[in-house]
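A short worksheet on the structure shown next.
In full-length UniProt numbering, the protein residues as written are 1 to 411.
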């Protein structure tokens, strides 16, 4: 039968079909006067409804800011891949919030590891009215950008900036599913004094917010553990020659050196230390315990201790699943920060689901009540927005890989 010949009847029939669909019916029929009863498959109309719903999906923009050029670009790109992997998975699951399907898209900004550029990147994301921001990488950049997000009322999820002051800026919509410098430094200090039995400890930092922050916390931790600091040397994050500093450290007869800075520069420090025949223990914080650092440093890294936030991914079922998905998508392994960025993305999405809203003013506060399992363990936040039960893992460098020495909870 050609229903187009009966436009009035067709309209009434479709109205009835939609009513049947809403009532949960799996089939329906239309009566066309003398033509009798005509069965019609509700699945056809359901397809129409489904298609309409899909067409009406709300696009939610998520901002991302990190260094995508310069010396730290490898870390920023690693983070971006983690965020994109999470969003792709969420979109594949067809999320519905407040009764409407939602599709997430990523707005990306390169902050170049420069606080001034970070402010510009933050303002751009605010002007674009993104629902939330995942960023930044460097603590100095995060601190510089916070006022922009605070003024705009945009929730900021910090994946891996570790300076303790970040969550004490009076911004209630800031959350950090990652530990702090204190978490890492205290564990490193106790390990240096109590396990490695270091007697004369030297500290070097690059004077950045991150490098100086973690070095200062390490020094405090050493003294609290009863250890001795023989010198605290300073450099810059652009230095390439550390021979004068290392010569001074050798003259102080240090038996352990802690480097506060990032691993790309740290690889030069480690190689020069061995070239000058420093035979003491070398130790550093986050960004070191990964394959990229070993490739940069070669044999000089052997025996070095690196400390990273969280438990080892390869030792967790959720971590192994993440590593496989990451490799399947990108054909490579994460450097070390993709997992944290992946978790940060889940914080945003789960916050929206819990609040049943994509409005930052509604889901932002709801994040404080979240409690779920991330790929590195449980995620929930304290009153400051810091991660509850943060963990760190100490690794020792071998000839071609890092081996986990111990995983401890923050005290």
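Built from N, CA and C at the ideal position, the CB exists for glycine as well.
Residue i versus the options, residue with shortest Cα-Cα distance
i	options	result
residue 155	371, 380, 395 and 366	366
residue 106	82, 94, 119 and 295	82
residue 340	361, 378, 360 and 352	378
residue 183	390, 324 and 400	390
residue 352	95, 164 and 257	95
residue 177	92, 348, 360 and 189	348
residue 392	400, 286, 399 and 402	286
residue 270	244, 300 and 294	300
residue 76	159, 327, 125 and 153	159
residue 231	267, 210, 201 and 125	201
residue 440	199, 198, 65 and 368	Within the shown structure, residues of the chain are numbered from 1 to 411, placing residue 440 beyond reach of any answer.
residue 266	279, 292, 252 and 251	292
residue 86	346, 394 and 369	346
residue 372	362, 361, 355 and 343	343
residue 408	123, 186, 60 and 153	186
residue 306	337, 397, 278 and 151	397
residue 249	234, 240 and 321	234
residue 494	88, 193, 123 and 312	Since the displayed the chain opens at 1 and closes at 411, residue 494 lies outside it and no answer follows.
residue 58	110, 357, 406 and 404	357
residue 125	61, 376 and 80	61
residue 80	335, 359 and 350	335
residue 68	121, 93 and 98	121
residue 98	406, 331 and 359	359
residue 497	405, 118, 278 and 355	Because the chain in this structure spans residues 1 to 411, residue 497 falls outside the shown range and cannot be described.
residue 192	304, 142, 130 and 84	304
residue 223	150, 298, 90 and 190	190
residue 198	181, 281 and 298	281
residue 110	93, 90 and 142	142
residue 361	130, 118 and 119	130
Beta-bridge pairing of residue i - partner residues as DSSP gives them
i	result
residue 110	66
residue 378	373
residue 404	395
residue 205	234 and 260
residue 183	Partner(s): none; residue 183 has no beta bridge.
residue 409	391
residue 309	392
residue 178	In the DSSP output, where bridge partners are listed per residue, residue 178 has none listed.
residue 276	Per DSSP, none; premise fails for residue 276.
residue 282	257
residue 61	105
residue 78	Residue 78 is not bridged to any residue.
residue 157	134 and 175
residue 386	176
residue 358	Bridge partners of residue 358: none, in fact.
residue 414	This structure cannot settle anything about residue 414, because the visible part of the chain is limited to 1 through 411.
residue 229	201
Beta-carbon separation (whole angstroms), residue i vs residue j, contact threshold 8 Å
i	j	result
residue 179	residue 215	Wrong, their Cβ atoms sit about 16 Å apart, outside the cutoff.
residue 63	residue 133	4 Å
residue 258	residue 283	5 Å
residue 195	residue 302	With a Cβ gap of about 18 Å, residue 195 and residue 302 do not count as contacting.
residue 276	residue 247	7 Å
residue 402	residue 273	Their Cβ separation, rounded to whole angstroms, is 18 Å, which puts residue 402 and residue 273 out of contact at 8 Å.
residue 380	residue 370	6 Å
residue 211	residue 252	20 Å between Cβ atoms; not a contact.
residue 244	residue 218	Not quite, the Cβ-Cβ distance comes to about 22 Å (not below 8 Å), so this is no contact.
residue 376	residue 321	Not really, about 12 Å apart at Cβ, beyond 8 Å.
residue 78	residue 337	5 Å
Residue i at chain B interface by Cβ criterion, 8 Å
i	result
residue 309	Note that chain B does not occur in the displayed structure, where there is just one protein chain.
Contact test: residue i Cβ vs the ligand HEM heavy atom, cutoff 7 Å
i	result
residue 176	Annotation note on the ligand HEM: not contained in the displayed structure, which lists no ligands.
In chain order, each alpha helix (DSSP H) run of at least 4 residues that lies wholly inside the region 87–134: 115–127
Complete runs of the alpha helix (DSSP H) confined to the region 315–348 [at least 4 residues]: 317–330
Are at least three pairs of beta-carbons, each pair with one atom in the region 134–151 and one in the region 107–123, less than 8 Å apart? yes
Flag this pair as touching only if the region 89–103 and the region 143–154 have three or more C-beta atom pairs under 8 Å; answer yes or no. no
Taking contact to mean 3 or more Cβ pairs, one atom from each stretch, closer than 8 Å, check whether the region 68–76 and the region 306–321 are in contact. no
Determine, using beta-carbon pairs with one atom in the region 379–386 and one in the region 164–177, whether at least three such pairs fall under 8 Å. yes
Do the region 250–257 and the region 224–237 touch if we need at least three Cβ pairs shorter than 8 Å? yes
Specify whether the region 259–276 and the region 196–208 touch according to this definition: at least 3 beta carbon pairs, one from each stretch, less than 8 Å apart. yes
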